[in-house]
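Take 41 as the starting number for the sequence shown in the numbering used here and just add one per residue.
Built from N, CA and C at the ideal position, the CB exists for glycine as well.
Worksheet: the structure to be examined is printed underneath.
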Amino acid sequence: MVAMTRLFNGILRTGNFLGCWKMGRDIAILKAGKDSRLASSQRPITLLTHIAKLFEHIILRHLHRHLIPRQEQFGFRSEQRSS
Numbered sequence: 041m042v043a044m045t046r047l048f049n050g051i052l053r054t055g056n057f058l059g060c061w062k063m064g065r066d067i068a069i070l071k072a073g074k075d076s077r078l079a080s081s082q083r084p085i086t087l088l089t090h091i092a093k094l095f096e097h098i099i100l101r102h103l104h105r106h107l108i109p110r111q112e113q114f115g116f117r118s119e120q121r122s123s
């Protein structure tokens, strides 16, 4: 855990994000009830490394502590209903 903390802090201090963490594997997920032969029936997602996802999650959590969302925004907010 100490090594990972040092690594993450070094990335934040220098601004150098590891190139291998920027790489992902793209896969297509078939939309329910759609024809698998049509490209429009596929939904692409990118699989990232676990450590890159962890780093992004930590950054996102810190950002959310300091950001104040606009009152007009309802979508993509935790514990808020948009309906």
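Alpha carbon of residue i to alpha carbon of residue j, nearest angstrom
{"i": "lysine 74", "j": "threonine 45", "result": "44 Å"}
{"i": "serine 80", "j": "threonine 86", "result": "17 Å"}
{"i": "aspartate 66", "j": "glutamine 82", "result": "12 Å"}
{"i": "methionine 41", "j": "phenylalanine 48", "result": "11 Å"}
{"i": "arginine 53", "j": "histidine 97", "result": "18 Å"}
{"i": "glycine 50", "j": "glutamine 111", "result": "35 Å"}
{"i": "alanine 72", "j": "leucine 78", "result": "13 Å"}
{"i": "lysine 93", "j": "isoleucine 99", "result": "10 Å"}
{"i": "alanine 43", "j": "glutamine 113", "result": "38 Å"}
One or two residues paired with residue i in a DSSP bridge
{"i": "leucine 87", "result": "Arg65"}
{"i": "glutamine 82", "result": "Leu70"}
Own chain, CB closer than 8 Å to residue i, minus 5 neighbours either side, in chain order
{"i": "isoleucine 69", "result": "Gln82, Arg83, Pro84, Ile85"}
Own chain residues within Cβ distance below 7 Å of residue i, not counting five before or after
{"i": "serine 76", "result": "Leu70"}
{"i": "threonine 89", "result": "Trp61"}
From the options, residue whose alpha carbon lies closest to that of residue i
{"i": "glycine 64", "options": "Leu100, Ile91, Glu112, Thr54", "result": "Ile91"}
{"i": "lysine 62", "options": "Phe95, Arg53, Ala43", "result": "Phe95"}
- request: Evaluate the contact criterion for the segment 97–107 versus the segment 54–61: three or more CB pairs, one atom per stretch, below 8 Å.
  value: no
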